[in-house]
Amino acid sequence: QAVFLAQKQNVRNFSLLVSHVLVPPAIEAIMSAPDNRVQGFLAAGHVCSVMGYWEYEPLAARYHVPIVVTGFEPLDVLLGIKLAVQQLESGRGEVENAYARAVQREGNRPAQQLMADVFEVCDRTWRGIGTIPQSGWRLSDAYREFDAAVRFSVEHVRTQESPLCRSGEVLRGLIKPNQCEAFGTQCTPHKPLGATMVSSEGACAAYYNYGRFVSVESIS
22 QAVFLAQKQN VRNFSLLVSH VLVPPAIEAI MSAPDNRVQG FLAAGHVCSV
72 MGYWEYEPLA ARYHVPIVVT GFEPLDVLLG IKLAVQQLES GRGEVENAYA
122 RAVQREGNRP AQQLMADVFE VCDRTWRGIG TIPQSGWRLS DAYREFDAAV
172 RFSVEHVRTQ ESPLCRSGEV LRGLIKPNQC EAFGTQCTPH KPLGATMVSS
222 EGACAAYYNY GRFVSVESIS
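Using the numbering used here, the letters of the sequence shown correspond one by one to residues 22 to 241.
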């Protein structure tokens, strides 16, 4: 909405560096990988409040995987985990909405229409995973003048991820955070090396803050 208003009000000293991502292509990439070990997903409630969860339904059916829309309060998360486990135990793989007070299947249609006007789908590089086709958004041609990457000629800048970081394996469920050799030493929330430690919601940050004293053997 900010860039929509900037164009409408002829505000020219405004730019956006867009790094938005789309969740369904990421789920597709994870589930289709030959080394996949992920058995279920908790779909972020704040995303689904805008986008709905109808796009998850074909994925749940194709890969027979539980996808539970979940809020962020402790009881919301526990309920999401409970419903996902119940699906696994009963042999089901479907989309379930555990956040009905904020999320509807169709999502927020006016917001989706505005986003479809402002953005267009593009390939996106995911930290720790690599490029996933058609998994991101960039500003559409109608709003390209507000694109900071174009305005300041930084669209070709590429960052180099640390070779010590195994966040991609953590994201794909292949290892636990404290099975990474850099965890808690070279990589901490104060000096993160990868995506899962950068974010306060990341698995590595959670392990560091709440579970770093748990041995690898006891959780394997």
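C-beta: ideal position from N, C-alpha, C; glycine also.
Residue interval of the alpha helix (DSSP H) (run including residue i)
i    : result
P95  : P95 to S111
F25  : A23 to K29
L80  : Y77 to Y84
A121 : Premise fails: A121 is in no alpha helix (DSSP H) and is neither H nor E.
A227 : A224 to A227
Rounded straight-line distance, which links the Cα of residue j to that of residue i
i    : j    : result
V116 : C225 : 27 Å
S183 : Q60  : 28 Å
F25  : R179 : 28 Å
A81  : A50  : 13 Å
Q107 : L37  : 42 Å
Y231 : D56  : 28 Å
S161 : P46  : 20 Å
R130 : M72  : 8 Å
R193 : S70  : 25 Å
F35  : Q200 : 43 Å
V89  : G128 : 15 Å
S221 : S111 : 33 Å
I240 : G215 : Any answer about I240 is weak, because its pLDDT of 46 lies below 50 and its placement is not dependable; what the coordinates show is given next. Their Cα atoms are separated by approximately 22 Å.
Y74  : G114 : 14 Å
A27  : A203 : 44 Å
G151 : V39  : 17 Å
V139 : Q22  : 8 Å
R165 : E76  : 27 Å
V44  : E176 : 23 Å
P87  : R148 : 25 Å
I196 : S174 : 38 Å
I48  : R33  : 37 Å
Beta strand (DSSP E) segment containing residue i, residue limits
i    : result
L160 : G151 to L160
E14  : Not covered by the structure: residue 14. The range shown for the chain is 22 to 241.
Residues that DSSP places opposite residue i in a beta bridge
i    : result
V42  : G157
P63  : Per the sequence presented here, residue 63 reads as Leu, with Pro not at that position. Answer is V89, bridged to L63.
E245 : The chain is shown from 22 up to 241; residue 245 falls before or after that span and cannot be answered.
L37  : D168
The ligand HEM heavy atom lying under 8 Å from the CB of residue i
i    : result
V116 : The ligand HEM is absent from the structure shown, which contains no ligands of any kind.
Query raised in the report: Does the segment 154 to 169 come within contact of the segment 197 to 210, defined as at least 3 CB pairs closer than 8 Å?
Result: no
**Report entry** Within the segment 141 to 220, ranges of the beta strand (DSSP E) (whole runs, at least 3 residues)
**Finding:** 151 to 160
Requested in this report: Could you tell me whether the segment 96 to 113 touches the segment 126 to 145, where touching means 3 or more Cβ pairs closer than 8 Å?
Outcome: no
**Report entry** Cβ contact (3+ pairs, closer than 8 Å) linking the segment 147 to 163 and the segment 87 to 104
**Finding:** no
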